[in-house]
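Novice: Chains as they are written, first to last, in this note's numbering: chain W, 243 to 647; chain X, 243 to 647; chain U, 167 to 527; chain B, 167 to 527. Please read through the structure below; I'll follow up with questions.
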Amino acid sequence: MTVLEQPGAYHLAPPPAWRPRLDPAPLLPDGEPYHLLGTEADLDPELLSRLHAGVVRGRRFNEQATALTKQGRLAVYPSSTGQEAAEVAAGLVLAEQDWLFPSYRDTLAAVARGLDPVEVLSLLRGDWHSGYDPRATRVAPLSTPLATQLPHAVGLAHAARLRGDDTVALAMVGDGGTSEGDFHEALNFAAVWQSPVVFLVQNNGFAISVPLAKQTAAPSLAHKAVGYGMPGRLVDGNDAAATHQVLGEAIERAREGGGPTLVEAVTYRMEAHTNADDASRYRSSEEVEHWRAHDPIALLERELRALGRLDEHTVEAVRADAEDMAAGMRDRMNADPVLCPTELFEHVYDQRTPQLREQSALLRAELAADEELAAETAAGGTGAERAGVPSGADEGVRRPGSETR
Amino acid sequence: MTVLEQPGAYHLAPPPAWRPRLDPAPLLPDGEPYHLLGTEADLDPELLSRLHAGVVRGRRFNEQATALTKQGRLAVYPSSTGQEAAEVAAGLVLAEQDWLFPSYRDTLAAVARGLDPVEVLSLLRGDWHSGYDPRATRVAPLSTPLATQLPHAVGLAHAARLRGDDTVALAMVGDGGTSEGDFHEALNFAAVWQSPVVFLVQNNGFAISVPLAKQTAAPSLAHKAVGYGMPGRLVDGNDAAATHQVLGEAIERAREGGGPTLVEAVTYRMEAHTNADDASRYRSSEEVEHWRAHDPIALLERELRALGRLDEHTVEAVRADAEDMAAGMRDRMNADPVLCPTELFEHVYDQRTPQLREQSALLRAELAADEELAAETAAGGTGAERAGVPSGADEGVRRPGSETR
Amino acid sequence: MSTVETISAADGTTAARKPVTMAQALNQALRDAMLEDPTVHLMGEDIGTLGGVFRVTDGLAAEFGEDRCTDTPLAEAGILGSAIGMAMYGLRPVVEMQFDAFAYPSFEQLVSHAARMRNRTRGALPMPITVRVPYGGGIGGVEHHSDSSEAYYMATPGLQVVTPATVADAYGLLRAAIVAEDPVIFMEPKRLYWGKADWSSAEPERVPPIGRAVVRRRGASATLITYGPSVPVCMAAAEAARAEGWDLEVVDLRSLVPFDDVTVAESVRRTGRAVVVHESAGFGGPGGEIAARITERCFHHLEAPVLRVTGFDIPYPPPMLESHHLPGVERVLDAVGRLQWESDWTASGVSSAGGFEGGGE
Amino acid sequence: MSTVETISAADGTTAARKPVTMAQALNQALRDAMLEDPTVHLMGEDIGTLGGVFRVTDGLAAEFGEDRCTDTPLAEAGILGSAIGMAMYGLRPVVEMQFDAFAYPSFEQLVSHAARMRNRTRGALPMPITVRVPYGGGIGGVEHHSDSSEAYYMATPGLQVVTPATVADAYGLLRAAIVAEDPVIFMEPKRLYWGKADWSSAEPERVPPIGRAVVRRRGASATLITYGPSVPVCMAAAEAARAEGWDLEVVDLRSLVPFDDVTVAESVRRTGRAVVVHESAGFGGPGGEIAARITERCFHHLEAPVLRVTGFDIPYPPPMLESHHLPGVERVLDAVGRLQWESDWTASGVSSAGGFEGGGE
Ligand SMILES: Cc1ncc(C[n+]2csc(CCOP(=O)(O)OP(=O)(O)O)c2C)c(N)n1
Ligand SMILES: Cc1ncc(C[n+]2csc(CCOP(=O)(O)OP(=O)(O)O)c2C)c(N)n1
Ligand SMILES: [Mg+2]
Ligand SMILES: [Mg+2]
């Protein structure tokens, strides 16, 4: 029972598992968000111009998408106005073989990567859950359940590394999403596996109505990196050049086998959470105005102008390009999408089960009966009435007053 | 679109949400686990004696429980041999009004707190899921799903604070459990709410067969505290005095409104994961021997002896006390528990549903029929045969070879 | 929805009534529960300052303070897990899950702890927790915003599962859920949130307790058994069925657990035919259990097998296709038509449908 | 278990056979799948060095390296979530959940992603993931180690749910699950892990594909419909029933999703009577769906309602009481006795049992 008899036990060196295995200092983020615009830093004007065109297009994209909600052409739109710098930097920084894992707010990052705006908007338009081919575009579907896409990014990056590919995954999440268990599990797996993945947290101050102070007591979200043994970086998310650089460094580090990085981009959501949200319920317009003065477009334009790379002609060209994109969106989104109701049964499994075959036949029969009926009577019953829901359903989208996503 | 026209935007101070809100330095744990035994520290001999009696009893408890598995009296036992210092410190450090949230390995902490060993062993004996009254003892049921008890501890501590009580919750978890999402969510809630809760991670080097290096890449588990904005402490978990002191400080801090603390106690599991596990599959006996030299009982005895507080008489008394406890356990555990099968229906809901009333009646009728049959034939059929499972079931417990909990 | 409202308004109280939405009645129930019992605490995402994305908690943080109506961090397991701890300390938490599918992260806490803590501790730690889950579709919600998840909860012993279809039940059942000593999954049909009925907040009418179904419409030809968002659909179907000469009875289950076998069996024995209607996917959904129970209890009274009209066995569709998925009046009537009426006895009927090689193409 | 083994061994191959446990056959299936397809990756807790707590992955890390048989951190959502990402990149992950109840933390990843990713992306991102879940009781496991969680998975469109009851099926179905293009929840009955049958690893007998039920025993009086751990119980019951003059047919479902309506309906139409047997709680469990489907398809062939013999509607009991909970031979025979045999036609039968006020005391 007692081990008194064991001589000298205590004088042995404590076992090796004891000591912290690495110095935390290099993992800690800076005390201030890193920024480049407006500093003396020597910046690549080509890159700045590309970022500028991107954020201008991005702002226009957000405006157009919001307008489409008013016309009933989108079920809902979570705008990234104010956050265009981080969104565009994320979309532009990746190499071709890299993957992007956007959250539901990050349509813009996908568009900046070059995806078709209309395809990216499928989820929010409501014609299908995801409208682009993730393998072809190397953009995962927009993730609605918060933080759940982060383990996917880790798994994909891990698989790529196992295969010997030099693919990196960039995974995006909001400040609110960092509270989810999946955030924790993803970062831990990534660090243990040294997976080539970069986590980009856009801290825009709010999770719907909940301010950061109710979300975390951490010194910063970037400080969470320490607990996983990966470096944390804090960056001015409205500074497109700084965000692009920090992400780029993290991605190259990952590509070279250096493992994951957590990047916190500090920014602000200028609009309400979605078009259905009323932000005046939880924040002051002074706060919003304060941030308007730190607009990502203005920051870039000031810099470009100082470099002599922005004249009215360039501004006009960039604006025209953005208008073109918006006009295209408008035209194509105003056309009703072609829908095939029995497609509902096509992709549930690789092969339809016998049960789904039956159900598909049932729906097909109903649709045929409807058509017959419609042929008979001018103003015949439609699928919507069949479903016993209020009319209006056939516009594709009905949203009761305060419904938010 | 462009905001070129806005003059001077960039010269406004960046918004306040930007800066890390507190200095991470005070949150960081020491580079070495804190220890007291064998140092020049001035220690309370009374406390050392209590801790010594506790760890000796604890070791004996573990031995006796393991022996009971061999006799088929316990379904399984996860021993805390080697970890008695942390277990006993946790059990003894709490004030009467405080709550303990043990994990499945922490029977010993509950026993050290004063609970009846036989009641604490119910889960592992298999007569009921939990054998003591958590409200009366202020010990939550042993938690089997890892880390799930941590949010409970936070909620309870939060509730106590809302009520104005000075209750603190001490929640225990293993190194493996820190990887679960619930660990993350619990620590975050506690920090945001500044709940009076202390998280004690016993880092015993393994989660069943998985070594710490496959569990985390963090500098230490205590470093995870930084990401939540709470202090992390690293302590020698085999040093009962140091662990008791670090926990005591954290508890008093919590009691006074200072919020939560994460404590990592570095220790080692000397036995296999449970009696059903074969540790030789995944670790060397050298490693085990290395740790045997840092035995928690030996550390205390050396200190007490140096203080002149441990003579053979004391050792004998402590040993006798432990033997008494073990004998009591043996006697009581060797008696078959009185079981009432229809109790299965009694606690599912506050009131049995009509369906459960029917099912209870069915079982009662079956039991009555069995009894009649048994009365008729000397070697009649029993419930076990009725259930169509191999005989042996009535011994209460059958474990196939490698099944582990 | 008007049919149901009429019914709920016809139960008879005298106080002044005015049109109230289901969301408002739920809000009132929370307010009254908080006034009556200081241990009632509300927790969830955006339920404080914002008043919830459906405004069900509107004004409660202002009235009772943030400690009693708390915006939590964004973590559902953390919310439910800390609610369990609060209940251990004697509080009575009411949790809001923002949408059906966002309750899934809390599944382990729900199934392994909330549902079992009382049983685990022989009654020492009851779990008087109400989990409010806005559920179901028909609101044009994008993916993950229209799930019908009740089958998961029904399959979990230790949970009660309750769902209102009328304004009066919304108030009455939520009050009952909050005072219940067991965890109640309180499923709020999203598309009925803005349905109005005349109702008096000063003198809310009494409703039957949890565990009791209610016959919403008397009929003699067949029984429609339903709950939540499908109740108005069935009421409309019963109305439309009159034209076909069918007099349908409609049973609103209200409580899926405990299940009211008596009311259901009494009705089906009387009518001899039954159709179970719900939005949730059919396979493995609530309807199988319900149909099986009816058959076990009413076999010799049945003129036809109990049929089911449910959502298809598919993930909930995107908004533009959801109308095809939701069980509607026509689909209910089609099923009623397949109940082997005397006139059809020569036809092959349902028993030849299905089968592994059978079906569509 | 010997009856079943005899049956599985009777399917007829010629290679040398020797007694093999189900756990060994599963191990062999994993090994063969890994040899055949380099994209097969195993992930889970303790599956590497230790070989899994049930030793099903024994030796595979040594043979294929840690990258293909990986000990993950202890986090089930992380395991399944990263498996999803690996599948997105073209790998074919096989995940081990250590015990049934420890799969719950991964519920959101399973339901909201694994089950829906193919559908979400119109087939662009299939999810060929196998999730191995040791399930069920009868092994003296303490709380959380004996859950039967199949009802949750059955209610989730997009998942296939498969469970073997014989050594040959353990091998054959696991191979089929791994090559399937969809997520398969592969439920391994814990208490059959050590059951042995003569089997040849060199020439494993072919078994019917996923989606097909198998008649394990021919009979004429009534059909027992069952799966997984209850198959041996039903075989024993059928044997015992001969003494009572009943000739029972036993259908082993093997695959709960997709469900084999043809085999089941064919059998029940022939026998006219059916009992569904499973360990999982009855209410909201698989049996309700199965009974309802049978009734829909075989109504006019049924001499009695389809009955169910299942676990009680309670959390799984502690080890010392589990024998009372598990459906056993006697309970199955009691149910068969209530199938309204001609001789009983004057008695009241099952249809008067139950009801809200009814039951016990
Ligand atoms: C798991 C989960 N819980 C809840 C929600 C509902 N929800 C949608 S967005 C949102 C807030 C997200 O905040 P944040 O992560 O900061 O991202 P942001 O909206 O600011 O981009 C919430 C609670 C969800 N989508 N997923
Ligand atoms: C959620 C969950 N997943 C898996 C398990 C199975 N399991 C039981 S103990 C254990 C290892 C625990 O390791 P650790 O947290 O370090 O505690 P220790 O056993 O070392 O005390 C595992 C994986 C579990 N109990 N709960
Ligand atoms: Mg945010
Ligand atoms: Mg450990």
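Think of the CB as a built atom: it goes at the ideal place given N, C-alpha and C, for glycine as much as any other residue.
1) If you measure between the beta carbons of Leu419/U and Thr392/U, is that distance less than 8 Å?
2) Pro642/X CB to nearest chain W CB: under 8 Å?
3) Might you give, ordered along the chain, the residues of its own chain that have their beta carbon closer than 7 Å to the beta carbon of Trp360/B, omitting 5 neighbours on each side?
4) Under 7 Å Cβ-Cβ, which residues of chain B neighbour Pro583/X?
5) How far does the beta strand (DSSP E) with Phe533/U in it reach, from first residue to last?
6) Go ahead and pull the three-state DSSP assignment for Trp435/X.
7) Please report the residue range of the beta strand (DSSP E) in which Phe230/W lies.
8) Short of 7 Å in beta carbon distance, which residues of its chain neighbour Ala199/B, apart from the five on each side in sequence? Order them along the chain.
9) Using a Cβ-Cβ cut-off of 7 Å (strictly less than) and excluding sequence neighbours within five positions of Val207/X, which residues of its own chain qualify?
10) Could you check how far apart the C-beta atoms of Arg459/B and Asp427/B are, in whole angstroms? I think they sit under 8 Å.
11) If you pair each beta-carbon of the stretch 359-374 of chain W with each one of the stretch 244-263 of chain B, do three or more pairs fall below 8 Å?
12) Measure from the C-beta of Ser367/U to each C-beta in chain B and report whether the shortest distance is under 8 Å.
13) Mind listing the chain B neighbours of Val415/W? Cutoff is C-beta to C-beta under 9 Å, in chain order.
14) Which runs of the beta strand (DSSP E) spanning at least 3 residues fall entirely within the stretch 388-445 of chain U, listed in chain order?
15) Nearest CA to the CA of Ala337/X: which residue from Phe441/X, Tyr374/X, Arg497/X?
16) Is there a C-beta anywhere in chain A that falls below 8 Å from the one on Tyr591/X?
17) Where does Pro461/W land, buried or exposed, given buried means 16+ other C-beta within 10 angstroms?
18) Interface residues of chain U around Gly423/W at Cβ under 7 Å?
19) Sorted by chain position, which residues of the same chain lie with C-beta nearer than 8 Å to Arg221/U's C-beta, five sequence neighbours on each side aside?
20) Got a sec: which bits of the stretch 285-299 of chain B sit with their beta carbon under 8 Å from any beta carbon on chain W, in order along the chain?
21) With three or more C-beta pairs closer than 8 Å as the rule, is the stretch 322-330 of chain W touching the stretch 464-480 of chain W?
22) Helix, strand or coil for Asn480/X, going by three-state DSSP, please let me know.
23) Is Ala402/W close to chain X, meaning its C-beta is less than 8 Å from at least one C-beta of that chain?
24) Go through its chain and collect everything with a Cβ distance to Leu395/U's Cβ below 7 Å, but skip five positions before and after it.
25) Taking the alpha-carbon positions, what's the Leu290/W to Val439/W distance?
26) Can you check which of these residues, Val299/U, Leu257/U, Ser278/U, is closest to Gly265/B by C-alpha distance?
27) Can you give me the start and stop residues for the beta strand (DSSP E) that Gly477/U sits inside?
28) Strictly under 8 Å for the Cβ-Cβ distance: is Ser345/X near chain U by that measure?
29) Unbroken beta strand (DSSP E) runs of length 3 or more, entirely within the stretch 205-237 of chain B: which are they?
30) Tyr351/B by DSSP, collapsed to three states: which one?
31) Measuring alpha carbon to alpha carbon, tell me which of Asp407/W, Glu506/W, Leu398/W ends up nearest Gly418/W.
32) With a threshold of 7 Å on Cβ separation, who are the neighbours of Cys464/U within its own chain once the five nearest residues in sequence on each side are excluded?
33) Is Glu218/W helix, strand or coil by DSSP?
34) Out of Gly501/W, Thr379/W, Asp369/W, state which residue places its alpha-carbon closest to the alpha-carbon of Thr352/W.
35) Could you name the residues of chain W that Ala433/X contacts, counting a contact when the two beta carbons are closer than 8 Å?
36) At the level of alpha carbons, what is the spacing between Pro473/W and Ala492/W?
Specialist: In terms of the structure at hand:
1) yes
2) Low confidence applies to Pro642/X: its pLDDT is 35, below 50, so where it sits in the model is not reliable, and the reading given next is rough at best. For Pro642/X, the answer is no, since every Cβ of chain W falls outside 8 Å of its Cβ.
3) Thr187, Ala189
4) Leu487, His490
5) Absent from the model: residue 533/U. The displayed extent of chain U is 167 to 527, so no value can be given.
6) helix
7) Nothing in the structure corresponds to residue 230/W, since chain W is present only between 243 and 647.
8) Val206, Arg341, Ile344
9) One cannot answer for residue 207/X here, as it falls past the ends of chain X, which runs 243 to 647.
10) 6 Å
11) no
12) no
13) Result: empty, since nearest Cβ-Cβ is about 13 Å, beyond 9 Å.
14) 388-392, 414-418, 421-423
15) Arg497/X
16) This model lacks chain A altogether, as its protein chains are W, X, U and B.
17) buried
18) Ala241, Ala243, Pro271
19) Ala189, Asn193
20) Asn285, Arg286, Thr287, Arg288, Gly289, Ala290, Leu291, Pro292
21) yes
22) coil
23) no
24) Looking at the sequence itself, residue 395/U is Pro, so the reference to Leu does not match. Gly302, Gly304, Pro355, Arg357, Leu358, Glu445.
25) 25 Å
26) The question names Gly, yet the displayed sequence has Phe at residue 265/B. Considering only alpha carbons, the answer is Ser278/U.
27) 473-477
28) no
29) 206-210, 235-237
30) What sits at residue 351/B in the sequence shown is Ile, not Tyr. Looking at Ile351/B - three-state DSSP - the assignment turns out to be strand.
31) Glu506/W
32) Ala431, Val434, Arg435
33) Any question about residue 218/W goes unanswered here, given that chain W covers just 243 to 647.
34) First, the amino acid is wrong: residue 352/W is Ala here, not Thr. Selected option, being the one with the closest Cα: Thr379/W.
35) Thr458, Ala459, Ala460
36) 9 Å
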